[in-house]
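Heads up: the sequence shown begins at 1205 in this note's numbering, then just goes up one per residue.
For each residue, glycine too, the CB sits at the ideal point set by N, CA and C.
Owing to the predicted nature of the structure, the values given are computational and were not obtained by experimental measurement.
Below: one structure, written as structure tokens.
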Amino acid sequence: QGRIVQVRGGEVLVDVGYKSEGTIPLEEFTRSGIEPKVGDEIEVYLEAKEDDEGLIVLSKERADKIKVWDTVSRAYEKGVPVEGRVVEVVKGGLAVDVGVRAFLPGSQVDLRPVKNLASMLGQTIRAKVIKLNRRRGNVVLSRRAMLEEEREERRRHTLSVLQEGMALTGTVKNITDYGAFIDLGGIDGLLHVTDMSWGRIGHPSEIFQVGDQVEVVVLHFDKETSRVSLGYKQRSSDPWEVVEAKYPVGAKVTGRVVSLTNYGAFVELEAGIEGLVHVSEMSWTRRVRHPSKLVNVGDPVEVMVLEVNKATKRISLGMKQVEPDPWATIDERYKPGMRVQGQVRNLTDFGAFVELEPGVDGLLHISQMSDRPVGRSEDIVNAGDVLTLVVIRVDPAERRIGLSLKELAAAIEQQEVKEFRGRQRRRGRGGESDEDEEE
């Protein structure tokens, strides 16, 4: 131990209790970034008893190195970590200044391989000494060994307090197609994609990213295997618990189309609540072969609740029920015997379907096309023809209207006979002009 008594020129005089002071080159202080001051207590190394001037030759740097080596040696023997600053990227790893230059292999930098070692430059780290050769001045470090010990300590603590039903915060460690692994503190738990949200999720990455801090609930914990199942959606109540009260049958609600199938469209009413609009429930006036003809994913739609099954978590919805049914008042607009006009929509073996108005078709049966036998519908009518027909039957319950072409011909013939007889009667009374006679 010594005390600085004077700073002169390029030397620092230190009293170490001998009959004469010792000298230390000033540059030993400046290289360490230290400004020596009179009265400071320092540790020094005795290099020589006297120099040419009779002063003791001292070294602060050698004293510091010996002290560092003693600290590093004790850390190696006791298995405790040392602290140092990453100063350089070298072949195979990093150079770390722990008071002496130490080597940190790339495989020992972290628990997982570090792709960019340069990102560690300038960082102050803690690591364990795994190899030491004081004579050669070699020190090898392992930050990974220290991190593994810390992780094991956290794991023991987590296992001691972990219970099913408890809520805790973890870090997203990895994301897969089927879920996310959450680091709870030395132990990983699986958050399955089905337990992330009450609503629809395409991929876990839609909600989480690696490194995110998330609050989760422990759903299941197996102490023997240390396997933990986690839930995220369980932080809130299941929306299906109140679905019958919130979406009663007959209610009109607004939702968003989230997916399409050949048989219908799934509509999200809220997060976790989806209903199906079957293709048969999409339109009164159009025959929908595929939902994409009317809606697209993302479209807002107004629907009516047709059926709710809380047990199976299914809701049947209708789009057409929001609009009035044209067949509800069909018997007020079409009556047997009246003449109507429509366009032939398509032909079948048994007749032709004629569109009378949007959503209302009538059937012109092949037997009602002509008085004479008809082999094929195409012999009388073609798709796209605009026809004048007679209504012969209206059945609102079965949503059917029967049409006739031959009845129209008979009606026209009867009308012509009636008009001819009327002209004959007028002629007998002498009331018909020469022009009428000629006509």
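CB residue i to CB residue j, shorter than 8 Å?
i: residue 1563; j: residue 1530; result: yes
i: residue 1560; j: residue 1519; result: no
i: residue 1537; j: residue 1612; result: no
i: residue 1242; j: residue 1211; result: yes
i: residue 1419; j: residue 1475; result: no
i: residue 1332; j: residue 1350; result: yes
i: residue 1670; j: residue 1259; result: No statement about residue 1670 is possible, as the shown extent of the chain runs from 1205 to 1643 and does not include it.
i: residue 1645; j: residue 1512; result: Residue 1645 is absent from the structure shown; the chain starts at 1205 and stops at 1643.
Can you give me the Cβ contacts of residue i inside the same chain, cut-off strictly under 6 Å, excluding the 5 residues immediately before and after it?
i: residue 1381; result: none
i: residue 1327; result: 1290
i: residue 1573; result: 1584, 1609
i: residue 1396; result: 1383
i: residue 1603; result: 1531
i: residue 1412; result: 1376, 1384
i: residue 1366; result: 1425
For residue i, collect the residues of the same chain with a Cβ closer than 7 Å to its Cβ; drop the 5 residues on either side in sequence, then sort them by chain order.
i: residue 1638; result: The pLDDT assigned to residue 1638 is 48, lower than 50, so where the model puts this residue is not dependable, and the model offers no usable value.
i: residue 1267; result: 1247, 1248, 1249
i: residue 1415; result: 1375, 1376
With burial defined as no fewer than 16 other Cβ atoms inside 10 Å of the residue's Cβ, what is the status of residue i: buried or exposed?
i: residue 1436; result: buried
i: residue 1610; result: buried
i: residue 1346; result: buried
i: residue 1282; result: exposed
i: residue 1524; result: buried
i: residue 1221; result: exposed
i: residue 1481; result: buried
i: residue 1238; result: exposed
i: residue 1342; result: exposed
i: residue 1362; result: buried
i: residue 1315; result: exposed
i: residue 1616; result: exposed
From what residue to what residue does the alpha helix (DSSP H) around residue i run?
i: residue 1361; result: 1347-1365
i: residue 1518; result: From DSSP, residue 1518 is part of no alpha helix (DSSP H) but of the beta strand (DSSP E) over 1518-1522.
i: residue 1292; result: From DSSP, residue 1292 is part of no alpha helix (DSSP H) but of the beta strand (DSSP E) over 1285-1294.
i: residue 1514; result: Looking at the DSSP string, residue 1514 is not in any alpha helix (DSSP H), and its letter there is neither H nor E.
The beta strand (DSSP E) spanning residue i covers which residue range?
i: residue 1535; result: No beta strand (DSSP E) holds residue 1535; the alpha helix (DSSP H) holding it covers 1534-1537.
i: residue 1278; result: First-last for residue 1278: 1264-1282, but that is the alpha helix (DSSP H), not the beta strand (DSSP E).
i: residue 1608; result: 1604-1608
i: residue 1375; result: 1371-1379
Can you name, in chain order, every residue of its own chain whose Cβ lies under 8 Å from the Cβ of residue i, other than the five neighbours on each side?
i: residue 1275; result: 1286, 1303
i: residue 1487; result: 1498, 1523, 1524, 1563
i: residue 1218; result: 1206, 1207, 1208, 1209, 1225, 1226, 1227, 1228, 1246, 1248, 1262
i: residue 1496; result: 1464
i: residue 1231; result: 1214
Any chance you could list the alpha helix (DSSP H) runs of at least 4 consecutive residues sitting entirely within the region 1430-1455, in chain order? Complete alpha helix (DSSP H) runs here, min 4: 1447-1450.
What ranges does the beta strand (DSSP E) occupy inside the region 1385-1422, keeping only unbroken runs of at least 3 residues that lie completely in it? Correct list: 1392-1396.
Mind listing, in chain order, the continuous alpha helix (DSSP H) runs of no fewer than 4 residues lying wholly within the region 1211-1247? Scanning the region 1211-1247 for uninterrupted alpha helix (DSSP H) segments of 4 residues or longer gives 1231-1234, listed from N- to C-terminal end.
Note down, one range per segment and in chain order, each beta strand (DSSP E) of at least 3 residues found wholly within the region 1540-1592. For the region 1540-1592, the continuous beta strand (DSSP E) assignments of 3+ residues that do not extend past its boundaries occur at 1543-1552, 1555-1561, 1564-1569, in sequence order.
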